[in-house]
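Count along the sequence shown from 1, add 29, and you get the number used in the numbering used here.
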Amino acid sequence: MGRIADILVGAGHEVVVLMPECDGRLKTNGTQLARVMRTNCSFDGLREMLSFLDDIWPINGLLTDAELIGRLKKEHFDLGISEVFSSCGFGIFEKIGLQKHLSAFNTEIFEAITEPFGISYNPSYVPGKGLLTDAELIGRLKKEHFDLGISEVFSFCGFGIFEKIGLQKHLSAFNTEIIEAITEPFGVSFNPSHVPGKAPTLLSYSNDMMSFMERVKNFVLFLNTYVIIRFMAVPHVLQPFEEHIRQPFTIVESFETLSKCPSIFINANLLLEFPREVNSRIAFVGGLTASRSGSLTEEFKRLMDESMGGVVLISFGTIALSSQMPSNFKSAFITFIWKYELDDEVASDLPNVVKRKWIPQAGLLGHRNMRAFVSHCGVNGMGESVYAGIPMVCIPLVFDQMRVSKKVEKQRIAVVIHKQNFTAKSFQWALRTVVYDKSYSVSARRMSAVAKDVIIPMEEEISRRARIAIKMKKVELLDAGYRKLNRLKFFYIDVIPIPLILITLLS
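Next comes the structure, spelled out in structure tokens:
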């Protein structure tokens with residue numbers, strides 16, 4: 030979103046970025062040119078979400094550590110206490126035969142898992158409510174007299190603000206890949222027979238060539254995600270809209286609002302996206318941030334220039350902290366530039382390991398001595414690696430990272446290691462493969478050459494679509510009529526029986 034804002038500024042538009050500050054670790058959305066309007070956002074649910082991310086590394090190392098389990102058994106504990114959101118503690122209790130235990134929440138009680146404790150949950154807070162009821166903020170936004178609004182789809186708050194300030198022209202954006210459960214407003218169909226799901230990929234490692242069992246699994250997980258998002262998450266998110274905008278404001282009304290967007294920006298790389306049915310409203314803009322390679326500091330430039338054997342970069346982004354990686358993961362990493370958050374003793378005795386809390390990732394990837402990139406395979410990191418032509422070792426952890434990793438694996442520019450199967454041996458094999466098997470570097474460079482030709486037209490396309498949206502009088506002009514067809518009409522179920530009946534009658 031920040032890069033889109035800067036592109037529009039560069040095209041001559043005055044752009045204001047409304048930035049609710051929910052997570053203290055995230056200071057910006059990447060914009061360098063737009064005017065930023067900050068506001069506090071007390072999102073209680075964010076704490077629970079972040080506590081979940083504290084446990085994104087697998088717990089196999091603890092449960093399979095025979096020496097640790099043996100030591101714990103010898104303690105003969107009478108009682109165990111474990112944090113609820115991570116199941117690791119309860120797994121250890123069962124492993125050592127400890128049957129009595131208590132539970133604890135490090136934050137307020139999390140509504141999704143209150144049932145085992147006999148507690149009913151009546152939601153008193155939903156995302157966006159504070160912004161919609163902030164009269165001072167709404168007044169400031171009204172005075173701006175905006176011509177166009179752009180909001181991320183998954184959180185519907187932006188569209189509520191647009192309606193609150195009377196802004197009728199707007200575009201949509203997905204900060205990640207398109208989410209299958211909410212594609213209907215844009216006239217995009219989702220067929221789980223050949224389109225791997227995004228949200229279900231917490232459990233799925235499939236590409237678009239699925240076996241029978243993979244298709245069954247993809248279908249079941251899609252239905253599961255569809256039900257959760259459509260019938261649980263979305264109604265919860267829309268509660269403040271009925272309270273503070275208009276009634277009724279159901280999922281039908283929200284989808285009608287989204288359907289009026291003439292363009293939808295998807296943070297997915299067009300070159301790598303699995304084939305699927307889309308229409309002219311969809312614009313794949315993944316990789317925009319990759320063109321900002323930036324310059325290296327003197328320290329990093331000297332380090333890269335003096336490395337005779339090449340450099341391997343390790344980074345798991347902002348959310349997946351390397352410092353929380355299990356010890357068996359850390360011991361596999363030997364000779365790299367490592368984005369690492371803590372000042373501890375890990376790898377302190379190895380002169381060829383450089384640990385830094387912050388690294389100029391895009392600049393390092395663009396250096397001629399970079400040999401490989403070890404990553405969780407987030408969308409933006411993957412885009413930077415593809416743009417720079419660097420092969421990857423992907424260790425996907427959560428969310429859409431599994432799906433993204435299968436894309437680059439399919440193009441033979443990455444080797445994927447499932448986090449449950451990560452060992453020193455598997456990592457050494459993966460790294461040797463991408464570094465010494467020249468087909469990976471050749472494929473990566475070939476993809477990079479095409480990606481660099483795509484980025485500039487993509488920036489022009491964003492600006493062009495914004496201009497069209499501002500000038501467009503009838504916002505429904507590009508609405509796909511077929512999205513309103515029911516399943517009988519869409520799949521010709523109402524038509525197919527007619528010739529069959531005629532053939533039967535005439536025979």
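Ideal placement from N, C-alpha and C gives every residue a C-beta, glycine not left out. Here the structure is a predicted model, which is why all the values come from computation and not from measurement.
Within this structure, are the beta carbons of PHE284 and GLU213 separated by less than 8 angstroms? Inclusion of PHE284 and GLU213 in the CB contact set at 8 angstroms is warranted, their separation being smaller than that value.
Straight-line Cα distance separating ALA417 from LYS454: A direct Cα-Cα distance of roughly 27 angstroms separates LYS454 from ALA417.
Can you find the residues in the same chain that come closer than 6 angstroms, C-beta to C-beta, to VAL217, ignoring five residues on each side of it along the sequence? These residues qualify, in order along the chain: VAL307.
Does LEU531 come within less than 8 angstroms of chain D when only Cβ atoms are used? Judged by its chain identifiers, the structure shown contains no chain D, having just a single protein chain.
On the criterion of 16 or more Cβ atoms from any shown chain inside 10 Å, does VAL463 qualify as buried, or is it exposed? Looking at its Cβ environment, which holds 16 or more other Cβ atoms inside 10 Å, VAL463 is buried.
Residue interval of the beta strand (DSSP E) (run including ASN69): Per DSSP, ASN69 belongs to the beta strand (DSSP E) from 64-69.
Of the listed residues LEU342, PRO304, THR205, LYS171, nearest to LEU317 (C-alpha basis): For LEU317, the closest of LEU342, PRO304, THR205, LYS171 by C-alpha to C-alpha distance is THR205.
Starting from the C-beta of LEU101, find all residues in its chain whose C-beta is less than 6 angstroms away, skip the five residues before and the five after it, and write them out in chain order. Closer than 6 angstroms at Cβ, skipping near neighbours: ILE125.
Determine, using beta carbons only, whether THR60 and LEU47 come nearer to each other than 8 angstroms. Not closer than 8 angstroms, so no.
Complete runs of the beta strand (DSSP E) confined to the region 409-443 [at least 3 residues]: The region 409-443 is shown to contain whole beta strand (DSSP E) runs of 3 or more residues at 421-423, in chain order.
Leaving out five residues before and five after SER235 in sequence, what residues of the same chain have Cβ atoms less than 7 angstroms from its Cβ? Around SER235: PRO225, GLU243, ASN247, LYS435.
Got a sec? Which residues, its chain only, sit under 7 angstroms from ARG32 by beta carbon, not counting five neighbours each side? So the list reads GLY59, LEU317, THR318, once near-sequence residues are dropped.
Note down the Cα distance separating SER492 from ALA210, rounded to an integer number of angstroms. Distance between the alpha carbons of SER492 and ALA210: 28 angstroms.
Reducing DSSP to helix, strand and coil, say where GLY109 ends up. The three-state reading of DSSP puts GLY109 in strand, counting E and B together.
Under the rule that 16 or more other beta-carbon atoms within 10 Å means buried, what is ALA473, buried or exposed? By the 16-neighbour rule on beta-carbons within 10 angstroms, ALA473 is buried.
Exposure label - VAL540; buried when at least 16 CB within 10 Å: The question about residue 540 has no answer, for the chain in this structure spans 30 to 536.
Beta bridge counterpart(s) of MET399 as assigned by DSSP: Its beta-bridge partners are VAL340.
Straight-line gap, PHE456 to ILE446 (C-alpha atoms, nearest Å): Distance between the alpha carbons of PHE456 and ILE446: 8 angstroms.
Considering only C-alpha positions, which residue in the set GLU438, MET399, LYS193 is nearest to GLU302? Cα-wise, what sits closest to GLU302 is GLU438.
Would you list, in sequence order, the uninterrupted alpha helix (DSSP H) runs of no fewer than 4 residues that lie entirely inside the region 249-305? Segments of the alpha helix (DSSP H) lying fully in the region 249-305: 263-266, 268-273, 280-288.
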